[in-house]
Amino acid sequence: MKTLMLGNEAVARGLYEAGCSFVSSYPGTPSTEVTEAAAKYPEIYAEWAPNEKVAMESAFGAALAGHRSFCGMKHVGLNVAADPLFTISYTGVNAGMVIVVADDAGMHSSQNEQDSRHYAKASKIPMLEPADSAEALAFAKLGYELSERFDTPVLLKMCTRVSHSQSVVETSDRVDPPAKPYEKNGPKYIMMPGNAKRRHPVVEQRTADLIAWAETAEINRMEDGSDHKIGIITGSTSYQYVKEVCGDRFPVLKLGMVWPLPEKKIRDFAATVDHLLVVEELDGFIEEHCRNLGLALSGKDYFSCIDELSQNIVAEKLGLPVPAGTALDEPIPPRPPVMCAGCPHRGLFYTLKKNKLTVMGDIGCYTLGAVAPLAAMDATICMGASISGLHGFLKSGGDSKNTVAVIGDSTFMHSGMTGLVNVAYNESNATVIILDNSITGMTGHQQNPTTGYNLKGDPATKIDLETLCHAIGIRRVRVVDPYNLAECNQAVQEELAADEPSVIISRRPCALLKTVKHGKPLFVEEDKCKECGMCMKIGCPAISMIGGKAKIDNTLCTGCGVCRQLCKFDALQLPKED
Amino acid sequence: METKNIMIVGVGGQGSLLASKLLGRLLLTQGYDIKVSEVHGMSQRGGSVVTYVRFGDKVYSPIIDKGEADYIVSFELLEAARWTEYLKPGGTIVTNTQQINPMPVITGAASYPEDLVAKMEAKGLKVDAIDALKLAEEAGSPKAVNIVLMGRLSKCFDLPLEDWMTAIEHSVPEKFLELNKKAFTLGRNA
Chain A
406 MKTLMLGNEA VARGLYEAGC SFVSSYPGTP STEVTEAAAK YPEIYAEWAP
456 NEKVAMESAF GAALAGHRSF CGMKHVGLNV AADPLFTISY TGVNAGMVIV
506 VADDAGMHSS QNEQDSRHYA KASKIPMLEP ADSAEALAFA KLGYELSERF
556 DTPVLLKMCT RVSHSQSVVE TSDRVDPPAK PYEKNGPKYI MMPGNAKRRH
606 PVVEQRTADL IAWAETAEIN RMEDGSDHKI GIITGSTSYQ YVKEVCGDRF
656 PVLKLGMVWP LPEKKIRDFA ATVDHLLVVE ELDGFIEEHC RNLGLALSGK
706 DYFSCIDELS QNIVAEKLGL PVPAGTALDE PIPPRPPVMC AGCPHRGLFY
756 TLKKNKLTVM GDIGCYTLGA VAPLAAMDAT ICMGASISGL HGFLKSGGDS
806 KNTVAVIGDS TFMHSGMTGL VNVAYNESNA TVIILDNSIT GMTGHQQNPT
856 TGYNLKGDPA TKIDLETLCH AIGIRRVRVV DPYNLAECNQ AVQEELAADE
906 PSVIISRRPC ALLKTVKHGK PLFVEEDKCK ECGMCMKIGC PAISMIGGKA
956 KIDNTLCTGC GVCRQLCKFD ALQLPKED
Chain B
44 METKNIMIVG VGGQGSLLAS KLLGRLLLTQ GYDIKVSEVH GMSQRGGSVV
94 TYVRFGDKVY SPIIDKGEAD YIVSFELLEA ARWTEYLKPG GTIVTNTQQI
144 NPMPVITGAA SYPEDLVAKM EAKGLKVDAI DALKLAEEAG SPKAVNIVLM
194 GRLSKCFDLP LEDWMTAIEH SVPEKFLELN KKAFTLGRNA
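If you read the protein sequences in the order shown, they are chains A and B.
Residues in the first sequence are numbered consecutively from 406, following my numbering.
Residues in the second sequence are numbered consecutively from 44, following my numbering.
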């Protein structure tokens, strides 16, 4: 049946059709929907793990037990899971194991623009790279065949434009792969030095075997063209831009497997064209391989390693006509993302700003606390870095009376709690604020170990944050409601003053959750509004002051009442009871 | 058929994902090759959002570049003005006249440009502007702005009305079906 699917949904369909029965992932844009879509197939057990390392190790365990398994993550998630990745490469698998890593060229929703293909080369694991949804489905299935045939995990590299584009796929039925019962095999699976030394040559031989496979594999295909002046080596979404611009004019070598890369096939292709050009996003990965083969070519000297490519960029670099449109003369004000109206993070960030604190930030919606007018953040690095960064900051002269860490509930479970262990154990006087909005927000509302529900939506064990922080060794743990500014202010000031580490849990569910009931919108008593602008200091998209007086957009206002606590003139009013 | 390009632009939360889903379903029933691309994640939080819909005999690129869009459907006026450079010469902008202030305007760091429809027309751009918010409210919900604009867009294509209606049936929940059909019709006939 022909249907339209997101690249990520197509991967999930591929998992289903290949008989995958175990999925463990941590959400991360643009990878999240693979796991969400997989969870909708009753034949697949699917879960959110607390982080990517746990997810990958769990998927390895499932493959070892004899079932085709999967884990998915965004590019920076693979950094977290890199430890098991490099050693699962040595052990190989029992049943097949496929790992999705989704890059975010252009950084639509990421903190860096790393190119995950380097991981395939460094860990010596084959990597497939689909260019649309049909290939995403096909390559997910092929991944399991390669995984079992070559006894290796297989990386499936997605990117924003493949993950989040819908295109036409043809689905087929699920197959039930033959059972592969677990058999004890210490030399293969116990990676202590003596065994690992014997596994490393196996890995090198496997790469040689995979290169031989890549030489004739259909997914590395040559498409002939009428004009052999230029021959283009490309893959993924770059292939689509090349075809969009050039059609069938230039010969193309489309690589569906980006590691290991074929040698003879590339040399043969190069021999048929006058000039060789590699078109790839981010780093010159294929280019470097070709240069190592001694081939003369162009690549990153034309196409930047920064940001995404597009059809117009390809056209321009090839000297072909570039379409152009008409821009207006005057500047159009930007529309950056903002914390939503009613966002529980707002009141807490206002408190941090008001107290002029140094704030170690973390990864989530609350990174928007860095944006004006709240602008209450000093550093954001990666998942969990707020707490560990604060610890080092305080140990090296940072002012413990003036500095805090902020971290979300899901991020705390991911890798914040190990930082808190360090705070307790090595005794820094840290004040850590857990922004508990009862969901993983930024990636689109995924459950996590603190919410009391699992990926399938069923009730699950709820990790109690207060008990956990106490058990870690933090004696001062208190909970505040971020809609109550006085309470937030008192808690922050008292915990900063305390001479021991403390945790403040700022607790209120995300205002976008369907289960959250909103109050009626506030209204402005215009006579009372003195146009002082205090209510504008919280950066709520529902309040504006166009033409002097405060104005509330009643389609956006959730009645949270945070602005009301700032108005000294009582101009912001709760709706009258009917 | 040469590939046709539709850009749907607006503010995060205005329902552009549903509109693109509806278009995708509709175009699939017409036998075209299709690509629909959107960006999820941080930009959705009240920021400027873009969805690309492309269809034809064979569609390669998932995105629409400058000078390529046959139609830009904008759910908000400033967003229409932001993306005019993506319109193909001779293309059409179908826009809501509703204004939603971005944070730099709310904080006073910038002002919302005036007379945007006239300024776009002065540049020789073809603009079809309607008050989609008013029509959506008339249909029963301000959230139906997206479907009102799909109704407006439907006039640009020679596709059977019943196929549009079937696509709506498959894209919205049963209890909002009548409301959305009314919104579509109001947009189409406005």
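Glycine residues also receive a C-beta, built at the ideal position from the N, C-alpha and C atoms.
Unbroken beta strand (DSSP E) run spanning residue i, endpoints
| i | result |
| --- | --- |
| A/N413 | No beta strand (DSSP E) holds A/N413; the alpha helix (DSSP H) holding it covers G412 to E422. |
| B/M50 | K47 to V54 |
| A/I984 | This structure does not reach residue 984 of chain A, given that chain A is present from 406 up to 983, and the question cannot be answered. |
| B/T94 | S91 to G99 |
| A/E628 | N625 to E628 |
| A/L725 | Here A/L725 belongs to no beta strand (DSSP E), and DSSP marks it neither H nor E. |
| A/V657 | V657 to L660 |
| B/S80 | D76 to E81 |
| A/T492 | No beta strand (DSSP E) holds A/T492; the alpha helix (DSSP H) holding it covers A487 to T496. |
| A/T763 | T763 to M765 |
Range covered by the alpha helix (DSSP H) that runs through residue i
| i | result |
| --- | --- |
| A/Q571 | Counting along the chain, A/Q571 falls outside any alpha helix (DSSP H), though it belongs to the beta strand (DSSP E) covering S570 to E575. |
| B/W126 | Neither: B/W126 is in no alpha helix (DSSP H) and is coded neither H nor E. |
| A/C695 | F690 to N697 |
| A/A720 | Q716 to K722 |
| A/H680 | Looking at the DSSP string, A/H680 is not in any alpha helix (DSSP H); the run it does join, the beta strand (DSSP E), is H680 to V684. |
| B/T209 | L204 to S214 |
| A/V607 | P598 to T621 |
| A/P435 | Unbroken run through A/P435: none, as it is neither H nor E. |
| A/M461 | E457 to L469 |
| A/D673 | K669 to A676 |
| A/R751 | H750 to K759 |
Interface partners of residue i on chain E, CB under 8 Å
| i | result |
| --- | --- |
| A/E735 | Protein chains in the displayed structure are A and B, and chain E is not among them. |
Residue from the options with nearest C-alpha to residue i
| i | options | result |
| --- | --- | --- |
| A/V684 | A/Y587, A/R579, A/T763 and A/S715 | A/S715 |
| A/G433 | A/E931, A/A454, A/I943 and A/H605 | A/A454 |
| A/V908 | A/L977, A/Y644, A/E457 and A/L795 | A/L795 |
| A/V764 | A/M788, A/T772 and A/V809 | A/V809 |
| A/L547 | A/A619, A/N600 and A/K933 | A/A619 |
| B/K225 | B/V54, B/A182, B/I211 and B/S80 | B/A182 |
| A/H472 | A/G482, A/V428 and A/A510 | A/V428 |
| A/P531 | A/A510, A/A539, A/S494 and A/M563 | A/S494 |
| A/C940 | A/L411, A/R881 and A/V967 | A/V967 |
| A/Y771 | A/S833, A/I838, A/G803 and A/R603 | A/I838 |
| A/P742 | B/V54, B/N48 and B/N232 | B/V54 |
| B/A165 | A/D734, A/R740 and A/A543 | A/D734 |
| A/M461 | A/P447, A/Y431 and A/V439 | A/Y431 |
| B/D113 | B/A152, B/L229 and B/F200 | B/F200 |
| A/I711 | A/V573, A/A510 and A/K670 | A/A510 |
| A/D508 | A/C945, A/K670, A/T642 and A/D706 | A/T642 |
Beta-bridge pairing of residue i - partner residues as DSSP gives them
| i | result |
| --- | --- |
| A/F427 | A/Y450 and A/S474 |
| A/C564 | A/D508 |
| B/A112 | B/L130 |
| A/I948 | A/I957 |
| A/Y858 | A/P864 |
| B/S117 | B/V52 and B/T138 |
| A/W664 | A/M532 |
| A/L409 | A/V573 |
| A/L346 | This structure cannot settle anything about residue 346 of chain A, because the visible part of chain A is limited to 406 through 983. |
| B/S197 | The partner list for B/S197 (beta bridge, DSSP) is empty, contrary to what the question assumes. |
| A/K479 | A/A507 |
- Indicate whether the contact test is met: 3 or more Cβ pairs, each with one atom in the stretch 490 to 499 of chain A and one in the stretch 554 to 570 of chain A, closer than 8 Å. yes
- Task: Could you pull out every unbroken beta strand (DSSP E) segment of at least 3 residues lying fully inside the stretch 779 to 856 of chain A, listed in chain order?
- Result: 808 to 813 and 836 to 841
- Message: I'd like to know if the stretch 181 to 197 of chain B and the stretch 53 to 70 of chain B are in contact, where contact means that at least 3 CB-CB pairs between them fall below 8 Å.
- Response: When C-beta atoms of the stretch 181 to 197 of chain B are compared with those of the stretch 53 to 70 of chain B, three or more pairs fall below 8 Å, so the two segments count as touching.
- Count the CB pairs spanning the stretch 191 to 208 of chain B and the stretch 65 to 81 of chain B that are closer than 8 Å, and state whether there are at least three. yes
- Query: At what residue ranges does the stretch 871 to 926 of chain A contain a whole run of the beta strand (DSSP E), taking only runs of 3 or more?
  - Reply: 881 to 885 and 907 to 912
- For the stretch 120 to 192 of chain B, which segments carrying the alpha helix (DSSP H) assignment without a break, of at least 4 residues, lie completely within its bounds, in sequence order? Segments of the alpha helix (DSSP H) lying fully in the stretch 120 to 192 of chain B: 120 to 125, 146 to 149, 159 to 165 and 175 to 182.
- Between the stretch 718 to 735 of chain A and the stretch 749 to 762 of chain A, do at least 3 Cβ pairs fall closer than 8 Å? no
- Task: Would you check if the stretch 44 to 53 of chain B and the stretch 944 to 962 of chain A touch, i.e. whether three or more CB-CB distances between them fall below 8 Å?
- Result: Taking a cut-off of 8 Å for Cβ pairs, the stretch 944 to 962 of chain A and the stretch 44 to 53 of chain B do not touch, as fewer than three such pairs fall below it.
- Query: Okay, do the stretch 954 to 972 of chain A and the stretch 775 to 791 of chain A touch, 3+ Cβ pairs below 8 Å being the bar?
  - Reply: With a cut-off of 8 Å, the stretch 775 to 791 of chain A and the stretch 954 to 972 of chain A do not count as touching, because too few Cβ pairs lie within range.
- Message: Using 8 Å as the cut-off, can you tell me whether the stretch 207 to 217 of chain B makes contact with the stretch 160 to 178 of chain B, which would need three or more C-beta pairs spanning the two stretches below that distance?
- Response: no
- Query: Should the stretch 877 to 888 of chain A be called in touch with the stretch 906 to 923 of chain A, which here means at least 3 C-beta pairs below 8 Å?
  - Reply: yes
- Quick one: any contact between the stretch 625 to 643 of chain A and the stretch 662 to 682 of chain A, if contact means 3 or more CB pairs under 8 Å? yes
- Query: Touching or not, the stretch 68 to 83 of chain B and the stretch 124 to 140 of chain B, by the rule of three or more beta carbon pairs under 8 Å?
  - Reply: Contact between the stretch 68 to 83 of chain B and the stretch 124 to 140 of chain B is absent, because fewer than three Cβ pairs lie under 8 Å.
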